[in-house]
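Q: Under the numbering used here, residues 2 to 327 are what the sequence shown spells out, in order.
All residues carry an ideal CB built from backbone N, CA and C; glycine is no exception.
Fair warning: this is a prediction, and the values are worked out from it, not measured in the lab.
Just passing along the structure, written as structure tokens.
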Amino acid sequence: MKRLWLTFIIAVLFQFNSSSVSAQQVAQAIEFSNTLEGKLAIAVVSAVLSLLGGYILYYLKDRKEARWEISYDVDAKKGLLGIEERLAKDLSISYKGRPAENIGYIRCEMVNSGTAIIRKQQLRFEFPTSLEILDWSIDPVPPKELAFSADVGTDGMNEKTALLGYFPVGQRVTLHFILSGNGTPAVKVFGFNEEEDVQVIPGNVGVALDDRRQLEKFILLYLLTLFVPRAFDGIPVFGELASSAYYLVAVFIALRLVPTVARILAALISSGTAARYPTVSIGTVSSSGTFALGVGAGAQTSVFGDTKDRPERSNSVQIENVSAKE
Numbered sequence: 002m003k004r005l006w007l008t009f010i011i012a013v014l015f016q017f018n019s020s021s022v023s024a025q026q027v028a029q030a031i032e033f034s035n036t037l038e039g040k041l042a043i044a045v046v047s048a049v050l051s052l053l054g055g056y057i058l059y060y061l062k063d064r065k066e067a068r069w070e071i072s073y074d075v076d077a078k079k080g081l082l083g084i085e086e087r088l089a090k091d092l093s094i095s096y097k098g099r100p101a102e103n104i105g106y107i108r109c110e111m112v113n114s115g116t117a118i119i120r121k122q123q124l125r126f127e128f129p130t131s132l133e134i135l136d137w138s139i140d141p142v143p144p145k146e147l148a149f150s151a152d153v154g155t156d157g158m159n160e161k162t163a164l165l166g167y168f169p170v171g172q173r174v175t176l177h178f179i180l181s182g183n184g185t186p187a188v189k190v191f192g193f194n195e196e197e198d199v200q201v202i203p204g205n206v207g208v209a210l211d212d213r214r215q216l217e218k219f220i221l222l223y224l225l226t227l228f229v230p231r232a233f234d235g236i237p238v239f240g241e242l243a244s245s246a247y248y249l250v251a252v253f254i255a256l257r258l259v260p261t262v263a264r265i266l267a268a269l270i271s272s273g274t275a276a277r278y279p280t281v282s283i284g285t286v287s288s289s290g291t292f293a294l295g296v297g298a299g300a301q302t303s304v305f306g307d308t309k310d311r312p313e314r315s316n317s318v319q320i321e322n323v324s325a326k327e
């Protein structure tokens with residue numbers, strides 16, 4: 002298969018260059034190929050073409066190779082319906098008849114970000130030991146074909162295990178958790194699969210790893226383009242053929258990588274521009290007229306509770322007794 006592919010590339014390039022190659026150049030090439038230097042040059046060109054062909058096959062195989070991967074994104078909220086913590090401490094609440102303290106909420110969205118269908122995948126959601134799961138739900142309800150089940154194994158008060166019988170590529174499942182207890186709402190997701198080696202990773206980590214692989218390929222291709230074609234200079238006909246073959250392969254690969262590289266550069270430029278402008282965020286407003294004003298550079302500063310709990314990097318100001326102007 003590899004030889005057929007290389008033969009096709011050479012035939013196309015020779016047809017492309019046939020109009021610009023004269024009989025004299027062909028004679029020079031034949032004469033040069035009979036010399037020791039010519040034979041070495043032909044061997045080098047053949048090795049380079051074989052290398053390029055192998056790289057193309059590896060690139061195509063890497064794109065089509067089965068990869069079992071689940072990515073998840075987490076959205077956590079702390080506090081009782083946005084009420085400031087110092088006020089929530091004086092409230093007595095219950096959730097579905099059960100006493101609750103410092104209610105928190107976590108939304109966890111999972112997606113099959115790999116390239117293959119995942120079957121019989123077990124997922125365990127673990128929260129800090131200081132938190133207790135009051136309730137959980139799955140919304141939107143997944144199709145019946147996914148065979149989703151949450152009655153798996155024996156779970157503690159701070160964990161929940163679910164089973165996905167069938168998880169196709171691109172399918173999404175979102176779970177919601179209501180938590181009670183002291184501490185910041187957080188979750189760790191652990192996966193187990195007896196049949197396949199399935200990776201369960203945070204969504205931002207998966208995207209970063211994929212972007213890094215694509216960027217590394219683009220940089221390597223750029224460096225090769227600076228040096229490889231120059232190695233063929235001075236070789237009659239065959240050098241030009243090898244250079245044309247390399248540029249053809251380079252363009253083919255670059256067209257696949259350019260969208261990802263452009264997105265990475267756009268994100269870097271946007272983040273650098275946003276960091277120059279300070280932002281102001283207003284936290285919760287209490288009934289007594291107290292509110293927290295957070296000033297940060299480059300991103301909004303979320304302010305919760307007393308000033309001692311706020312990030313040190315943000316400049317926060319607490320203003321008391323705000324009343325309407327008569």
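Between the Cα of Glu-1 and those of Ala-163, Asp-156, Val-153, Pro-169, spot the shortest distance and give me the residue it belongs to.
A: Given that the chain is displayed from residue 2 to residue 327, the structure contains no residue 1 and the question cannot be resolved.
Q: From Trp-6 to Ile-254, what does the alpha carbon distance come to, in whole angstroms?
A: Model confidence at Trp-6 stands at a pLDDT of 47, short of 50, so the residue's coordinates are unreliable; what they give is reported in the following sentence. Trp-6 and Ile-254: Cα-Cα distance of roughly 16 angstroms.
Q: Just the Cα atoms here: how many angstroms apart are Phe-345 and Asp-140?
A: Here the chain covers residues 2 to 327 and nothing more, so residue 345 does not appear.
Q: Starting from Gly-192, follow its DSSP beta bridges and name the residues at the other end.
A: Answer is Leu-124.
Q: Among Ile-94, Ala-246, Thr-116, Asp-76, which residue has its Cα nearest to the Cα of Ser-47?
A: It is Ala-246.
Q: With Gln-200 and Glu-70 assumed to form a contact (beta carbons below 8 angstroms), what rounded beta-carbon distance in angstroms separates them?
A: Indeed they touch by this definition, with Cβ atoms about 5 angstroms apart.
Q: Does the Cβ of Asn-183 have 16 or more other Cβ atoms within 10 Å, making it buried, or fewer, making it exposed?
A: By the neighbour-count rule (16 or more Cβ atoms within 10 Å), Asn-183 is not buried but exposed.
Q: What ranges does the beta strand (DSSP E) occupy inside the segment 141–174, keeping only unbroken runs of at least 3 residues that lie completely in it?
A: Entirely contained in the segment 141–174, the beta strand (DSSP E) runs reaching 3 residues are, in chain order, 160–168.
Q: My assumption, with CB atoms under 8 angstroms, is that Gln-123 sits in contact with Val-153. Please give the rounded CB distance.
A: 6 angstroms
Q: Thr-261 to Glu-195, Cα distance in whole Å?
A: One C-alpha to the other measures close to 34 angstroms.
Q: Going by alpha carbons, who is nearest to Asn-159 out of Val-250, Glu-102, Val-188?
A: Val-188
Q: Whether or not the segment 169–179 and the segment 105–114 are in contact is what I'm after, with contact meaning three or more pairs of Cβ atoms, one per stretch, closer than 8 angstroms; do they touch?
A: yes
Q: Measure the alpha-carbon distance for Phe-228 versus Pro-143 and round it to whole angstroms.
A: 53 angstroms
Q: Look at the alpha carbon of Gln-172 and the alpha carbon of Asn-113, and state the distance between them as a whole number of angstroms.
A: 6 angstroms
Q: Since I believe Arg-125 is in contact with Thr-162 (beta carbons under 8 angstroms), could you give me their beta-carbon distance rounded to a whole number of angstroms?
A: 5 angstroms
Q: Going straight from the alpha carbon of Ala-100 to that of Ala-267, what length do you get?
A: Just to set this straight, residue 100 is Pro in the shown sequence, not Ala. The alpha-carbon atoms of Pro-100 and Ala-267 are separated by roughly 49 angstroms.
Q: For Arg-120 and Asp-156, I'd like the C-alpha separation in whole angstroms.
A: 22 angstroms
Q: Only counting the same chain, and skipping five residues up and downstream in sequence, which positions put a Cβ closer than 6 angstroms to that of Ser-303?
A: Unreliable positioning characterises Ser-303 in this predicted model, as indicated by a pLDDT of 38, which lies under 50. A coordinate reading is not provided.
Q: Going by CA-CA distance only, name the one from Pro-203, Gly-105, Asp-136, Leu-165 that's closest to Ala-77.
A: Gly-105
Q: Alpha carbon to alpha carbon, what distance is there between Gly-98 and Val-190?
A: 29 angstroms
Q: Run through the DSSP bridge pairs and tell me what Asp-74 is partnered with.
A: Glu-110
Q: Cα-Cα, which of Ser-181, Leu-164, Leu-249, Tyr-73 is closest to Lys-79?
A: Ranking the options by Cα distance to Lys-79, first place goes to Ser-181.
Q: Does the distance from the C-beta atom of Leu-224 to that of Ala-251 stay below 7 angstroms?
A: no
Q: For Leu-258 and Asp-136, I'd like the C-alpha separation in whole angstroms.
A: Going by the C-alpha atoms only, they are around 44 angstroms apart.
Q: Buried or exposed for Ser-244, going by 16 or more other Cβ atoms inside 10 Å?
A: buried
Q: Beta carbon of Ser-72, beta carbon of Ile-265: below 7 angstroms?
A: Not closer than 7 angstroms, so no.
Q: Helix, strand or coil: which one does DSSP assign to Ile-270?
A: Annotated three-state conformation of Ile-270 is helix, per DSSP.
Q: Look up Pro-100 in the DSSP assignment and give the residues it is bridged to.
A: Ser-95
Q: Look at the alpha carbon of Ile-118 and the alpha carbon of Asn-103, and state the distance between them as a whole number of angstroms.
A: 39 angstroms
Q: Using three-state DSSP, classify Gln-260 as helix, strand or coil.
A: Checking the sequence, you will find Pro at residue 260 rather than Gln. Looking at Pro-260 - three-state DSSP - the assignment turns out to be helix.
Q: With a CB to CB cut of under 8 angstroms and the five nearest residues on each side skipped, what residues in its chain are close to Ser-150?
A: Ala-163, Leu-164, Gly-166
Q: Exposed or buried, what is Leu-242 when buried is set at 16 or more other beta-carbons lying within 10 Å of its beta-carbon?
A: buried
Q: Which residue's Cα is closest to the Cα of Thr-116: Val-75, Leu-216, Asp-198, Leu-132?
A: With distances taken between Cα atoms, Thr-116 lies closest to Asp-198.
Q: What is the rounded straight-line gap between the Cα of Ala-226 and the Cα of Leu-256?
A: Going by the sequence as given, residue 226 is Thr instead of Ala. Taking the straight line joining both Cα atoms gives about 14 angstroms.
Q: Report buried or exposed for Arg-231, applying the criterion of at least 16 other Cβ atoms within 10 angstroms of its Cβ.
A: exposed
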